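K.L.:
Here the protein sequences come in this chain order: A and B.
Everything in the first sequence is counted per the working numbering, starting at 1 for the first residue and increasing by one.
Everything in the second sequence is counted per the working numbering, starting at 1001 for the first residue and increasing by one.
Note that CB positions come from ideal geometry on N, CA and C, so glycine has one too.
Note that the structure is a prediction, hence the values are computed from the model and not measured.
First, the structure itself, so that you have it in front of you.
Protein chains: 2
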Amino acid sequence: MAKEGQQQPIDEREISLKLLIVLMRAAQSVRKGIEADIRHHGLNLTAFSVLELLYHKGDQPIQQISGKILIASSSTTYVVDQLQKKRLIIRKPCPGDRRVTFASLTDEGRSLMERIFPKHREAVHALLGGLPAEEKKTLIDMLKKLGLFAADQLG
Amino acid sequence: MAKEGQQQPIDEREISLKLLIVLMRAAQSVRKGIEADIRHHGLNLTAFSVLELLYHKGDQPIQQISGKILIASSSTTYVVDQLQKKRLIIRKPCPGDRRVTFASLTDEGRSLMERIFPKHREAVHALLGGLPAEEKKTLIDMLKKLGLFAADQLG
DNA sequence: CGATAATATCTCTATCTCGAAATAATTAGT
DNA sequence: ACTAATTATTTCGAGATAGAGATATTATCG
């Protein structure tokens, strides 16, 4: 017999359903908390994520931004437009490939991040206070596996 | 000194930041997978969540729906309007309290759920195949703690 | 009882997000 | 080199979500 058949197929599926609900709820509660914090600085979560990406990883092609923060390319155009209107980033053409445009923090954008990122880090830590550090590490490992597998299924 | 000072304040905060990113990514990948599945049935995730709530928990006041699936009351009005247009649910006034309106599955809505829910359960189970059942149980417990704590912080 | 606060739902507007299609530039195949 | 396929970005239109305020009803408290 292969893999000893299906022992409790229903139970396993119920566990998956339960996990889905708990995951969606936890993520949504956390996201709303973070959004509330970030809104104080006049940004939404997506815009902040773009700034954070550029702040920590340097200039990025717009296409990379779409991939790293998991939004549609058209949404990235929208967010980059807005951040550019606020003079927090600028578009820079790629010299080697004229299809590509980099997004790059302005001085103003960088100094904004230098000012608000420490507060953000504190807010995140406070919001995630429901678990001790060790359990967080375990949770990170499991969520990575879960997320990577799910992302694979997408295509 | 209170609470033996800060031992590794930076490290702990970095763990929290890492957890935030991993949680958001995992949830987003999973959500997109589920949305793709549900779209085949002509529904979006929010509408499906409402149907699922009514299917498993019976008629619900609109206000309860907002709370249970974590959307604004105005969004609930919007979703309920749509489901009512599709004749999947109907509004029923509450006899005891004329402020309250129940949402209730129609026969058509119930038979839709009877038809698609088993497929949904399979799709969820397949999408969450990155972890064995035992780890899922652990994950559920930790996410519950994390989510409840975060939800408390919201107000 | 009467004024005020609280609750439930809805309206309206602004913002955000996606998907499909358009445009432009590069790469691959022959 | 020429055509076709691929890649990067943008435009456009439709749908989804939140927030503030409006309305109606019920609860509270003097």
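Using CA coordinates, which residue listed in B:D1141, B:H1125, B:L1154 is at the minimum distance from A:A150?
P.N.:
Closest option to A:A150, Cα to Cα, is B:H1125.
K.L.:
Got a sec: is the Cβ-Cβ distance from B:A1026 to anything in chain A below 7 Å?
P.N.:
So yes, B:A1026 belongs to the interface.
K.L.:
Closest Cβ-Cβ distance between B:M1142 and chain A: below 7 Å?
P.N.:
Chain A contact via Cβ: present.
K.L.:
Does the beta-carbon of A:L148 have 16 or more other beta-carbons within 10 angstroms, so that it is buried, or is it exposed?
P.N.:
By the neighbour-count rule (16 or more Cβ atoms within 10 Å), A:L148 is not buried but exposed.
K.L.:
Whole angstroms are fine: how far does the CA of B:A1026 sit from the CA of B:L1019?
P.N.:
Roughly 10 Å between the two C-alpha positions.
K.L.:
Starting from B:T1101, trace the beta strand (DSSP E) in both directions and tell me its first and last residue.
P.N.:
B:T1101 -> beta strand (DSSP E) spans 1101–1105.
K.L.:
Would you be able to state if there are at least three C-beta pairs under 8 Å between the segment 81–95 of chain A and the segment 43–52 of chain A?
P.N.:
The segment 43–52 of chain A, when compared against the segment 81–95 of chain A, does touch it at the 8 Å Cβ threshold.
K.L.:
Please confirm if B:Q1153 has its CB atom under 7 Å from at least one CB of chain A.
P.N.:
By this cut-off, B:Q1153 is an interface position.
K.L.:
Give the interface partners of B:E1012 over in chain A, defined as CB-CB distance under 8 Å, in chain order.
P.N.:
Near B:E1012 (Cβ distances below 8 Å), the residues of chain A are H125, A133.
K.L.:
Do we get a CB-CB distance below 7 Å when we pair A:F117 with the residues of chain B?
P.N.:
False, the Cβ-Cβ gap to chain B never drops below 7 Å.
K.L.:
Consult DSSP for B:I1071 and reduce its assignment to one of helix, strand or coil.
P.N.:
Three-state result, B:I1071: coil.
K.L.:
Could you work out which residue in B:D1011, B:K1032, B:I1015, B:H1041 is closest to B:E957 when comparing CA atoms only?
P.N.:
Past the edges of chain B, shown from 1001 to 1155, lies residue 957 of chain B, and the structure says nothing about it.
K.L.:
Suppose you measure from the CA of B:G1096 to the CA of B:I1116; what does that come to, to the nearest Å?
P.N.:
Their backbone Cα atoms lie some 34 Å apart in a straight line.
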